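Undergrad: Quick note: the sequence shown uses numbering that gives the first Met the number 0, first residue 0, plus one each step. All residues carry an ideal CB built from backbone N, CA and C; glycine is no exception. Bear in mind that the values here come from a model prediction, so they are computed numbers and not experimental data.
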Amino acid sequence: MPELPEVETTRRGIEPHIEGRMITALTVRQPKLRWPVPEQLSEWVTGARIHSVTRRGKYLLINLPGGSVMIHLGMSGSLYMVSSDQPAGYHDHVDLVLDSGMALRLTDPRRFGSVLWQPAGQQHLLLEALGPEPLSSDFTAAYLQQRCAGRKQAIKPFIMNSQVVVGVGNIYANEALFGAGIHPKRAAGNISAERLTRLVEEIRIVLARAIEQGGTTLKDFVGGDGKPGYFKQQLNVYGRGGEPCHHCKSTLKEIRLGQRSTVYCPECQR
Ligand SMILES: [Zn+2]
């Protein structure tokens, strides 16, 4: 599933090819994505010039004078640049055709992705409840302390909730909690300010590192399969249940927490 770093890598990959370009057509081959592609979208975007491409959580926003095309990659979506006359495959659902002769193509075998519209000056309902960006100055230790106060929920599902902070997917939650020395099942409201400060730092580090590694694959966005090689990074705990801890050599434990695979070191994480 594309996580925040992959979405940010996609944003950086497509940006130089679409920014400043005029949209000459929108081709929708399959409107039945997670939510239907708005019927009027083609009318709204054709002839408009793209002034920027930004990201909010895992949504990409292709910003036009009248509003933004909001793209979510769902479980299996990817975006890449093709020549606008390149024949579409079975899973190539949407093309944003540009005046450069290229098209931004959305491929999504499982169709959990979405292509929506946010009119200028309004905030789409799906973006309204989102917590701060983890790499922004809004995500601070003081903020996390305030959100955690009095909460009995385990810290791992708590930080994976996009209303608390966006973009902390399962891999990153596992890795950040290991880095901060916090047991994934510890109640969110029962962690000292000092340790929450460390957790904020670790979340920033794991996400920034993943984005940096994604940057090495940017060339794949033109004519490639649009899938950056983001799983090559060194992981301390995720996927390593039963193996020795890199710090203390204890055997890492693997449990299910909120239906998600959770790996931790019983010695290093309290
Ligand atoms: Zn350990």
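Can you give me the C-alpha to C-alpha distance between L40 and G12, rounded to a whole angstrom?
TA: Each residue's alpha carbon lies about 24 Å from the other.
Undergrad: For ligand 1, I want to know if E266 counts as a neighbour, meaning its beta carbon is within less than 6 Å of at least one of the ligand's heavy atoms.
TA: yes
Undergrad: Answer with buried or exposed for C247, where buried requires no fewer than 16 other C-beta atoms within 10 angstroms of its C-beta.
TA: exposed
Undergrad: Any idea if G65 is buried or exposed, counting beta-carbon neighbours within 10 angstroms, 16 or more meaning buried?
TA: Around the beta carbon of G65, a 10 Å sphere encloses fewer than 16 other beta carbons of the protein chains shown; the residue is thus reported as exposed.
Undergrad: Please identify the residue among A140, L234, G188 whose C-alpha is closest to the C-alpha of G178.
TA: L234
Undergrad: With a threshold of 7 Å on Cβ separation, who are the neighbours of P156 within its own chain once the five nearest residues in sequence on each side are excluded?
TA: L256, G257
Undergrad: Smallest Cα separation from Q122: which of R55, R239, G19?
TA: R55
Undergrad: Are the CB atoms of Q85 and G180 nearer to each other than 7 Å?
TA: no
Undergrad: Report, in whole angstroms, the separation of the C-beta atoms of I158 and I190, which I expect to be a contact under 8 Å.
TA: Not really, about 11 Å apart at Cβ, beyond 8 Å.
Undergrad: How many Å lie between S67 and Q162 at the Cα?
TA: 22 Å
Undergrad: What distance in whole Å lies between the Cβ atoms of L206 and P133, which are believed to be in contact at a cut-off of 8 Å?
TA: 6 Å
Undergrad: Less than 7 Å between the beta carbons of A340 and E211, yes or no?
TA: Shown here, the chain extends from 0 to 269; a query on residue 340 therefore has no answer.
Undergrad: Along the beta strand (DSSP E) that carries E275, what are the first and last residues, could you check?
TA: Lying outside 0 to 269, the shown extent of the chain, residue 275 is not represented and no answer is given.
Undergrad: R20 and D98: beta carbons closer than 7 Å?
TA: yes
Undergrad: Quick one: complete alpha helix (DSSP H) runs, 4+ long, within the stretch 116-154?
TA: 124-127, 140-147
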